[in-house]
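In terms of the working numbering, the numbers along the sequence shown are unbroken and rise by one, the last being 264.
Even for Gly, the Cβ is constructed at its ideal location relative to N, Cα and C.
Everything numeric in this text was worked out from a predicted model, so none of it was measured.
Just below is one structure, and these are the notes that go with it.
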Amino acid sequence: MNEPIALSGVPETMLQTVYARAKESEGRGAIRDPKAEELIGKLNYDFSLADKDTAMRSGVVARTIVLDRLVSDWLAGHSDAAVGNIACGLDTRCYRMRGYAHWYNLDLPEVIAVREKLLPESGAVSQIAMSAMDDWGCKIEEKGAPVLIVIEGLTMYLREAEVRRIFTVIANRFRQATVFVETMNPMIVKRFKEKSIDASHAKFTWGVKNGAGLAELLPDFRFVEEHSLTEGMAAFVPIYKVLGKIPAVRKISNKIVVLERS
């Protein structure tokens, strides 16, 4: 199959991210993602800009390393958990993780239509075709089970009110939930462009300085900890073992913020 893909804006960014994971997996190998490699072989899409965009590819690989570790560790301590993967795109983490009872991949209907063609899923993995701002929590059946919500590569394309809305959906549906959410520093939002992402006409629009600042916007959630993506960069760019200890570098790096439903 050589599936032509017609997407634009934020949904199109999922093609660059899956490509970044596939190229890393089949090349240097800081991550292993055979499902992403398989997907790229099915797509009819011009990845030439993604090939040149080393900043985007490094960022995707770094956050994959950090989130894979966090999700794996959380699942190890929460048997029979449900996972909600918000704005999933063509994410393949559900194929790399073990220990969950049910994994829900959620994205806009046009994205899920593409995903269903390329990744038909059933059983312990389900697809939800809804906006992250809709009441998608009603689709998660395991109401009494521990719930982990992963929000990767999304908040920087939203407005603050939309970010608040996503967390309101979580708070209204789950008494207890852990959230891993990627955030971008406001300075980076204003000044930084990724060539391949910019070509899709998706624009960075929102950021927050740190996890404590995010928690201040969300009265139903408490800040637990945050992880700079420099932790992931250190796995394949050794200088980040040093740079990641410099407060100014950690400050401007994207972060994975851990929040819990209060």
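Whether M135 touches R175 by CB criterion (7 Å): Indexing the sequence shown from 1 puts residue 135 at position 133. Indexing the sequence shown from 1 puts residue 175 at position 173. No, the pair does not count as a contact, with Cβ atoms beyond the cut-off.
Burial state of E112, where buried means 16 or more other Cβ atoms lie within 10 Å: By one-based count along the sequence shown, residue 112 stands at place 110. Answer is exposed; the Cβ neighbour count stays below 16.
V183, buried or exposed, once every other Cβ within 10 Å from all chains shown has been counted against 16: Within the sequence shown, residue 183 is the residue found at index 181, counting from 1. Classification of V183: buried, given that the 10 Å Cβ count is 16 or more.
Contacts around M189, its chain only, beta-carbon distance under 7 Å, and the 5 residues preceding and following it disregarded: On the sequence shown, residue 189 is found 187 positions in, with the first residue counted as 1. Around M189: I254.
As assigned by DSSP and simplified to three states, the class of S198: Here the question's residue 198 lines up with position 196 in the sequence shown. For S198, the pLDDT reaches just 49, beneath the cut-off of 50, and the residue's location in the model is therefore unreliable, leaving the point undetermined.
Nearest-angstrom beta carbon gap, F206 and M158 [assumed within contact, 8 Å]: Counting from one through the sequence shown, the residue named residue 158 turns up at place 156. Counting from one through the sequence shown, the residue named residue 206 turns up at place 204. Rounded, the Cβ-Cβ distance is 5 Å, consistent with contact.
Beta-bridge partners of E184, as assigned by DSSP: On the sequence shown, position 182 is the one that residue 184 refers to. Paired residue(s): I258.
Span separating the alpha-carbon of C140 from that of I248: The sequence position of residue 140 within the sequence shown is 138, counting from 1. The sequence position of residue 248 within the sequence shown is 246, counting from 1. Those two C-alpha atoms are separated by around 43 Å.
Identity of the residue in P148, G215, V210, A24 nearest V73 by Cα: Walking along the sequence shown from the start, residue 73 turns up at place 71. The shortest C-alpha separation from V73 is found at P148.
Cut-off 8 Å between Cβ atoms - residues of its own chain near R161, not counting five sequence neighbours on either side: Within the sequence shown, residue 161 is the residue found at index 159, counting from 1. Result list for R161: T207, W208, in chain order.
Given W105 as reference, the closest of I114, L216, G125, E118 once Cα atoms are compared: For the purposes of this step, residue 105 is identified with residue 103 of the sequence shown, where counting begins at 1. W105 has its Cα closest to that of G125, out of I114, L216, G125, E118.
Residues that DSSP places opposite F223 in a beta bridge: In the sequence shown, residue 223 corresponds to position 221, counting from 1. Looking at the DSSP assignment, F223 forms a beta bridge with R263.
Limits of the unbroken beta strand (DSSP E) element including V127: The count along the sequence shown starts at 1 and reaches residue 127 at position 125. Per DSSP, V127 belongs to the beta strand (DSSP E) from 127 to 131.
Contact set for R59: own chain, Cβ-Cβ below 6 Å, skip 5 residues either direction: Counted from its first residue, the sequence shown places residue 59 at position 57. Hits under 6 Å: A22.
3-residue-minimum beta strand (DSSP E) runs that sit fully inside the segment 114 to 158, ordered along the chain: For the segment 114 to 158, the full-length beta strand (DSSP E) segments reaching 3 residues or more read 127 to 131, 149 to 153 along the chain.
Anticipated Cβ contact below 8 Å, V63 with E26, distance rounded: In the sequence shown, residue 63 corresponds to position 61, counting from 1. In the sequence shown, residue 26 corresponds to position 24, counting from 1. Their Cβ separation, rounded to whole angstroms, is 5 Å, which keeps V63 and E26 in contact under 8 Å.
Expected contact under 8 Å - CB spacing of L150 and V85 to nearest Å: Position 148 of the sequence shown holds residue 150. Position 83 of the sequence shown holds residue 85. Between L150 and V85 a beta carbon distance of about 5 Å is seen, short of the 8 Å cut, so the two are scored as contacting.
For L220 and G213, the rounded distance between their alpha carbons: Counted from its first residue, the sequence shown places residue 213 at position 211. Counted from its first residue, the sequence shown places residue 220 at position 218. Inter-residue distance for G213 and L220 is about 11 Å (C-alpha atoms, whole angstroms).
Of the listed residues I42, G146, G29, Q18, nearest to S81 (C-alpha basis): Mapped onto the sequence shown, residue 81 falls at position 79. It is G146 whose Cα lies nearest to the Cα of S81.
Local Cβ density within 10 Å of A217, reported as buried at 16 or more and exposed below that: Position 215 of the sequence shown, counted from the start, is the residue given in the question as residue 217. Its Cβ being crowded by 16 or more others within 10 Å, A217 is buried.
Residue range of the unbroken beta strand (DSSP E) whose run includes G234: Here the question's residue 234 lines up with position 232 in the sequence shown. Taken as a continuous stretch (DSSP letters only), G234 belongs to no beta strand (DSSP E), being part of the alpha helix (DSSP H) at 232 to 235.
Between the CA atoms of G79 and E30 - distance to the nearest angstrom: As a first step, residue 30 must be located in the sequence shown, where it is residue number 28. As a first step, residue 79 must be located in the sequence shown, where it is residue number 77. The amino acid at residue 30 is misidentified as Glu; the sequence shows Arg. Those two C-alpha atoms are separated by around 31 Å.
Between the CA atoms of I130 and V165 - distance to the nearest angstrom: Residue mapping note: residue 165 aligns to position 163 of the sequence shown, counting from 1. Residue mapping note: residue 130 aligns to position 128 of the sequence shown, counting from 1. Their backbone Cα atoms lie some 19 Å apart in a straight line.
Exposed unless 16 or more other CB atoms sit within 10 angstroms - verdict on Q18: Counting from one through the sequence shown, the residue named residue 18 turns up at place 16. Flag for Q18 reads buried.
Backbone secondary structure at F49 - three-state DSSP: Counted from its first residue, the sequence shown places residue 49 at position 47. The answer is coil: DSSP assigns F49 none of H, G, I, E or B.
Contiguous alpha helix (DSSP H) assignments of at least 4 residues, all confined to the segment 70 to 122: Within the segment 70 to 122, complete alpha helix (DSSP H) segments of at least 4 residues are found at 95 to 98, 111 to 120, given in chain order.
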